[in-house]
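K.L.:
In the UniProt record's numbering, the protein residues as written are 1 to 121.
We put the CB at the ideal spot given by N, CA and C, even for glycine.
Fair warning: this is a prediction, and the values are worked out from it, not measured in the lab.
1. Which residue from 60, 48, 27 and 18 puts its Cα closest to that of residue 5?
2. Have a look at residue 121 and residue 107 and give me their C-alpha separation to the nearest angstrom.
3. For residue 72 and residue 114, I'd like the C-alpha separation in whole angstroms.
4. Grab me the residues of residue 93's own chain with a C-beta within less than 7 Å of its C-beta, minus the 5 sequence neighbours each way, in chain order.
5. Output the boundary residues of the beta strand (DSSP E) element that contains residue 6.
6. Which same chain residues, not among the five before or five after residue 30, have their C-beta less than 6 Å away from its C-beta?
7. Tell me the rounded alpha-carbon separation between residue 100 and residue 44.
8. For the alpha helix (DSSP H) containing residue 113, list its first residue and its last residue.
9. Could you spell out where the beta strand (DSSP E) holding residue 85 opens and where it closes?
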């Protein structure tokens, strides 16, 4: 068992409930961690035997380009698509940070973490 991660993926996107978020957009940081059995990849030096993090990046990027209201929903959409490509993953953690959320005060970022296996299934 091992972990493959992408950390600090930066995007400018237009997710949010408020009209100014939809119009101006915001800076987001995404971290994705997946656990999988990559023993064969370690032994055989074969990308097909592990998780290709360039595919994970492309999934995140495609969802960041499609505005949604809630980061919870955004994380769920990413999680579903990662599982379609890699159905045998042991776990997934997706952490999405919205920098400087419009809350009327100083807040570095709001954070949502979506995980698989899901606690609410």
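P.N.:
For this structure:
1. Closest by C-alpha distance to residue 5, out of 60, 48, 27 and 18, is 60.
2. Any reading at residue 121 must be qualified, since the residue scores a pLDDT of 48, below 50, and its modelled position is unreliable; no value is offered.
3. Approximately 7 Å between the Cα atoms of the pair.
4. Within the same chain, residue 93 has close Cβ partners 33, 113 and 115.
5. Counted as a single uninterrupted DSSP element, the beta strand (DSSP E) harbouring residue 6 occupies residues 2-13.
6. The residues are 9, 60 and 96.
7. If I take the Cα positions, the gap works out to 45 Å.
8. Premise fails: residue 113 lies in the beta strand (DSSP E), 109-116, not in any alpha helix (DSSP H).
9. Per DSSP, residue 85 is not a residue of any beta strand (DSSP E); the alpha helix (DSSP H) it occupies stretches across 71-85.
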